Amino acid sequence: LLTDLDVKSTAGFGCAKGSNEEAYLFQKLIRTGFKNNNVDHCTRMCHASSVAALRSTNIPSLTAAICAAGTTGGTTYAFGLYANALKHTLHLSQSELDTISSAFFCAGLLSWAPGLVVDRRGPRFGAAVGGLIGALSLLCYWAVATAAVSVARSLVVTVLSVLGIATYVSSALVTSSVFKIIVSCTGPGTKGTAVGAAKGYVGLGSGAYACIFASIRTPGGGVASDLNFLPMAAFFATAAASIPALCLLPSL
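The opening position of the sequence shown corresponds to residue 1479 in my numbering, with each subsequent residue numbered one higher.
Have a look at this one:
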């Protein structure tokens, strides 16, 4: 056999039912007898087709999209959860609080920009970067709101408004990625239904965040403890948007 064939053209595949001793002897036979290192486990050969199938399926992409979708509505629509704490901690007037709240939704005029980024860089980049920017913005928001970072009183409203806009834009970046994934994974005649269902799921994020925060909120922590909603939201932006995007979505 070795005379008729090139040494490198032979290989050995071990049995899954063999013992450790048998596996050792088998690989020794291939390496010394056939004089090459082409030895492997039969599992790799048997499951090669299933690995290829898993790589071509839409399940990982849709899983990442579902995880990310749950993070986008919570920060935008849950302002009421910590608005009262924000007002009392920073001694804001109602008009100042309304200005900060309005900044979130005025940022909707910039939603085309995140969509453009996703079209050019792909949903993996959009969801991962959007989650990280959102987490960073929320943590900065929390630091200012709790006075952990000192900001001049005259600049508090401006700083929180800018951070609110950054949070909204990051959320739009993730949302654009989610919709792009869904559109690319669904067939003709089902795209509208899928996008509509995804939009409804995005809206559930606010309610889900409220329920989770209520269950972990420190009892008797006072109004100020409501501001801890912000770092919680930052955690989910990373854990449910950025990490699944990096692990499950293919790169361009």
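Positions of the beta carbon are idealized from the N, C-alpha and C atoms, including for glycine.
Everything numeric in this text was worked out from a predicted model, so none of it was measured.
If you count every other CB in all the chains shown that lies within 10 Å of the CB of Ala1719, and 16 or more means buried, which is it? buried
Contacting residues, own chain, Cβ-Cβ under 7 Å from Ala1717 (five flanking each side not counted): none
Beta-carbon proximity of Gly1581 to Ile1659, cut-off 8 Å: In the sequence as displayed, the identity of residue 1581 is Ala instead of Gly. Not closer than 8 Å, so no.
Limits of the unbroken beta strand (DSSP E) element including Asp1518: 1517-1519
To the nearest angstrom, how far is the alpha carbon of Ala1621 from that of Gly1548? 24 Å
Please give me, in chain order, every unbroken run of the alpha helix (DSSP H) with length at least 4 that falls completely inside the region 1569-1641. 1572-1584, 1590-1599, 1601-1623
Is the region 1584-1592 close to the region 1643-1658, with three or more CB pairs under 8 Å? yes
Here's the rule I'm using: 16 or more other beta-carbon atoms within 10 Å means buried, otherwise exposed. How should Thr1521 be labelled? exposed
Does DSSP classify Phe1714 as helix, strand or coil? helix
Looking at Pro1728: is its Cβ nearer than 8 Å to the Cβ of Thr1541? no
Sequence-distant residues of the same chain with beta carbon closer than 8 Å to Gln1572, five excluded per side: Lys1565
Spatial distance of Gly1492 from Asn1514 (CA atoms): 15 Å
Run through DSSP, which three-state label would Gly1665 get? coil
For Arg1602, which residues of its own chain have a beta-carbon under 6 Å away from its beta-carbon, when the five flanking residues on both sides are left out? Ala1723, Leu1727, Ser1729
Which residues in the same chain have their Cβ closer than 6 Å to the Cβ of Leu1610, if we skip the five residues on either side of it in sequence? Ser1720
For Gly1492, which beta-bridge partners are listed by DSSP? His1519
State the CB to CB distance for the pair Leu1705 and Ala1563, rounded to an integer number of angstroms; the pair is presumed to be in contact (CB under 8 Å). 5 Å
Compare the C-alpha of Ala1692 against each of Phe1504, Leu1559, Ser1497, Ala1606 and name the closest. Leu1559
Return the CA-CA distance between Val1661 and Leu1633, expressed in angstroms with no decimal places. 42 Å
For Ala1501, I'd like the list of residues in its chain whose CB is within less than 6 Å of its CB, leaving aside the five on either flank, ordered along the chain. Gly1492
If you count every other CB in all the chains shown that lies within 10 Å of the CB of Ile1578, and 16 or more means buried, which is it? buried
Cα-Cα separation between Gly1694 and Ile1537, rounded to whole angstroms: Checking the sequence, you will find Ile at residue 1694 rather than Gly. Each residue's Cα considered, the two are about 31 Å apart.
Using the rule of at least 16 other Cβ atoms within 10 Å of the residue's Cβ for burial, across every protein chain shown, is Cys1618 buried or exposed? buried
Buried versus exposed, by CB contacts within 10 Å (16 or more), Ala1675: exposed
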